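Keeping their order, the protein sequence lines are chains A and B.
Going by this note's numbering, the residue at position 6 of the first sequence is 6; the numbering climbs one at a time, nothing skipped.
Each number in this note's numbering corresponds to the 1-based position in the second sequence with 1000 added.
Note that CB positions come from ideal geometry on N, CA and C, so glycine has one too.
Keep in mind the model is a prediction, meaning the values are calculated, not measured.
For reference, the structure discussed in these notes is given below.
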Amino acid sequence: MEFLLENILNLVGFLVGLAIGIMSLVGFRNTGSPTLFRLTIAFLSISTGFFVVWAGYTVEDFIVKSGSLERWIQTVGIVIQTVGYFFIAFSHSIKSFFPKSRYFRSIGIMPLFLVSSVQIEHIFRSVSFILLAYGAIETILSYFENKNKGAISVATGLSLLALGEFLGWYSFVFPESLLYPISMAVRIGGLIALFIPVSKVPLTRIKFDKDIE
Amino acid sequence: MAEYRTHMKIIGDILYTTRDDLLDEEGATVTYLIRKANISHSRISRILKTLVSQGLLEQVESDGTNKYKISNSGREFLQAYKTFSSFADNFGLTI
Chain A
1 MEFLLENILN LVGFLVGLAI GIMSLVGFRN TGSPTLFRLT IAFLSISTGF FVVWAGYTVE
61 DFIVKSGSLE RWIQTVGIVI QTVGYFFIAF SHSIKSFFPK SRYFRSIGIM PLFLVSSVQI
121 EHIFRSVSFI LLAYGAIETI LSYFENKNKG AISVATGLSL LALGEFLGWY SFVFPESLLY
181 PISMAVRIGG LIALFIPVSK VPLTRIKFDK DIE
Chain B
1001 MAEYRTHMKI IGDILYTTRD DLLDEEGATV TYLIRKANIS HSRISRILKT LVSQGLLEQV
1061 ESDGTNKYKI SNSGREFLQA YKTFSSFADN FGLTI
């Protein structure tokens, strides 16, 4: 059950991220907008992160079968996804939240060299949660300004992804409970909610950049 | 409070004016565009120069003054701009 959900989650994440990433790339190539460039990096990173986990698990389960790779693959995939979530939050001007002191910047990297892959995974899960929650709040605030219904769906998607990350992180405390499968189901729901408004963008009317066709 | 406009939004406003809001068929004067786009002369001069060099606007000389008309590429750009503005709106962002 868990294996099936994990595969569905990673494949849906890969496909949704890729679709939104390509759409953003087409937009960037047609308009030159920096916002669309940041969205391209964000969603292609998210897509790559899900793909790394899916491909890694598949290789581990059917070819290598060593049993030791899974945790590292999961960690690498989550780190790449966190980069994507960072760029979504960054598009909402999160840069103002960074510490200006060089000292804080330097010690901020240190914990990565002192902890195991399990701890790194949980650090990045919590960072992802914060970035996703920030993105969801900013998106819902933009809805109150523009009344664009698509923003509600995107905010719901980001909220569900944040909740999924939180439950995934919390399942570390209760490893054999239902928390982890629930977190995966919630994240799948989040990815679908994220894709709904984007799927309605009428791309067929656009004359695509010749290099992309 | 005045609404913050991105560079892209200002370009969109200029192109919309040259497409939908022309007073005469020969094009819009710089003064008219300054009033419609609500930006300074020096800034709009730089933007117009870029838009003409990119082929989004056509510069026409009429009665000793430069007038600007939207080109076919400009119309295509506006269509893409409109579509991807709504795409970015879904994420609560402005392109």
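Considering only A:TRP54, A:LEU36, A:ALA162, the residue with the shortest C-alpha distance to PHE1091 of chain B is A:LEU36. With a 10 Å radius around the Cβ and a threshold of 16 neighbouring Cβ atoms, PRO197 of chain A comes out buried. The beta carbons of GLY135 of chain A and LEU160 of chain A sit no closer together than 7 Å. For LEU1057 of chain B, the beta-bridge partners assigned by DSSP are B:ILE1070. Note that the segment 1012 to 1027 of chain B touches the segment 1054 to 1065 of chain B; at least 3 beta-carbon pairs, one per stretch, sit closer than 8 Å.
Inclusion of VAL154 of chain A and LEU179 of chain A in the CB contact set at 7 Å is not warranted, their separation being larger than that value. Judged by beta-carbon spacing, ILE1070 of chain B lies beyond the 7 Å limit of SER1085 of chain B, meaning their Cβ atoms are not closer than that value. ALA1028 of chain B is bridged by DSSP to B:TYR1068.
Bridge pairing for SER1062 of chain B: B:THR1065 [DSSP]. Any Cβ of chain A closer than 7 Å to the Cβ of ILE1095 of chain B would place that residue at the interface, and such an atom is present. Per DSSP, the unbroken alpha helix (DSSP H) holding HIS1007 of chain B starts and ends at 1007 to 1020. SER1086 of chain B reaches chain A at ASN148, GLY150, VAL201, counting residues in chain order whose Cβ is nearer than 8 Å. Approximately 5 Å separates the beta-carbon atoms of ALA42 of chain A and ILE88 of chain A; this is inside 8 Å, confirming the contact.
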